[in-house]
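The next block holds one structure in the form of structure tokens; read it before the comments.
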Amino acid sequence: MEWLIAESIAEQEHIKDIPLSVLEKLKLIEAQSFIKFLERRNIPINKKETKKAEKVSVNREISALRSLSSI
211 MEWLIAESIA EQEHIKDIPL SVLEKLKLIE AQSFIKFLER RNIPINKKET
261 KKAEKVSVNR EISALRSLSS I
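Here my numbering is used: the first residue of the sequence shown is 211, the next is one more, and so on.
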């Protein structure tokens with residue numbers, strides 16, 4: 211949901227205000243951009259270290275997205 215706000219896909223300022231219709235209307239190109247974001251992002255481990263998301267974590271988030279929409 212934070213990504214939807216950051217990418218201006220959702221017009222709302224707060225996650226709690228984003229209606230499910232935003233996910234229902236998500237375009238394939240937007241979903242593909244989100245997947246690329248998941249694969250590239252750095253996850254903070256502590257104040258000085260980050261790591262890339264593991265493939266299993268990315269797949270879990272993709273699965274969750276699929277369950278919420280018809281993508």
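For each residue, glycine too, the CB sits at the ideal point set by N, CA and C.
Computed from a predicted model, the values in this text were never measured in an experiment.
Leucine 275 and alanine 241: beta carbons closer than 8 Å? Annotated as proximal: leucine 275 and alanine 241, with beta-carbon spacing under 8 Å.
Classify lysine 237 as helix, strand or coil using the three-state DSSP reduction. Coil, per DSSP.
Three CB pairs or more closer than 8 Å across the segment 261-273 and the segment 245-253: With a cut-off of 8 Å, the segment 245-253 and the segment 261-273 count as touching, because enough Cβ pairs lie within range.
Could you give the distance in angstroms between the alpha-carbon of lysine 257 and the alpha-carbon of valine 268? Taken atom to atom, the span from the alpha-carbon of lysine 257 to that of valine 268 is near 23 Å.
Please return the same chain residues whose Cβ sits closer than 6 Å to the Cβ of methionine 211, not counting the five positions on each side in sequence. So the qualifying residues of the chain are Ile225 and Ile228.
Which of the three DSSP states, helix, strand or coil, is assigned to alanine 216? Alanine 216: helix per DSSP, three-state reduction.
State the CB to CB distance for the pair leucine 248 and glutamate 271, rounded to an integer number of angstroms; the pair is presumed to be in contact (CB under 8 Å). Approximately 6 Å separates the beta-carbon atoms of leucine 248 and glutamate 271; this is inside 8 Å, confirming the contact.
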